[in-house]
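Below: the structure, in structure tokens.
Residue numbers (our numbering): 21 to 224.
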């Protein structure tokens, strides 16, 4: 193993409380939306790309309006994340500092352009990562973005750490081992290794 590629939401941090506040503030501007979102609503969309996320949250809106709403919500959320951040899982920075001395670390997340940068900016963790990618920049799936990171950085033996079935499928698509972050948002039935807390990565 020469490198570790991480998912972000549900793996390194929990941003939902900040994101939920921003999204509910944004959707108040739309009379077509019948109710505020809940934390459970957002937890159930973790790992989805924006188009699928919009269908799940607002299935009663037409596609054009759905995408307009989620785009505006995402733009607003990044401002809040830059100022308030999310909740890092326990000992994240310590674990990253230890791992980064032995492995190259990366992030591949199904998020919009600017989201990972907001995470970096508030929590000051960019120094531990070599590179990152997301569909907001490339238009590619998570599996394709993992392969892009592998090829761009000449990785020989990476693993992927994530918390959802989509993360598992992306790792399988890229042909690399999958480590399931069981403490995150998703339920995964198949994995190569499992961690119940972020610190467990030090023992793999």
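No residue lacks a Cβ here, since even glycine has one placed at the ideal position from N, Cα and C.
The structure presented is a predicted model; accordingly, all values stated were derived computationally and were not measured.
Given a threshold of 16 other Cβ atoms within 10 Å of its Cβ, counted over all protein chains shown, does residue 184 qualify as buried or as exposed? If you draw a 10 Å sphere on the C-beta of residue 184, you find 16 or more other C-beta atoms in it, and that means buried.
Residues that residue 198 bridges to, as DSSP identifies them: Beta-bridge pairing links residue 198 to 180.
Please classify residue 90: is it buried, with 16 or more other beta-carbons within 10 angstroms of its beta-carbon, or exposed? That one is buried.
Taking only the alpha-carbon atoms, compute the straight-line gap between residue 113 and residue 145 and give it to the nearest angstrom. In this structure, the CA atom of residue 113 is about 7 Å from the CA atom of residue 145.
For a minimum of 4 consecutive residues, which ranges assigned as the alpha helix (DSSP H) are wholly contained in the stretch 24 to 50? Segments of the alpha helix (DSSP H) lying fully in the stretch 24 to 50: 36 to 47.
What would DSSP say about residue 153, mapped onto helix, strand or coil? Of the three classes helix, strand and coil, the one that applies to residue 153 here is strand, per DSSP.
Please classify residue 124: does DSSP put it in a helix, a strand, or coil? Residue state, collapsed to three classes: strand.
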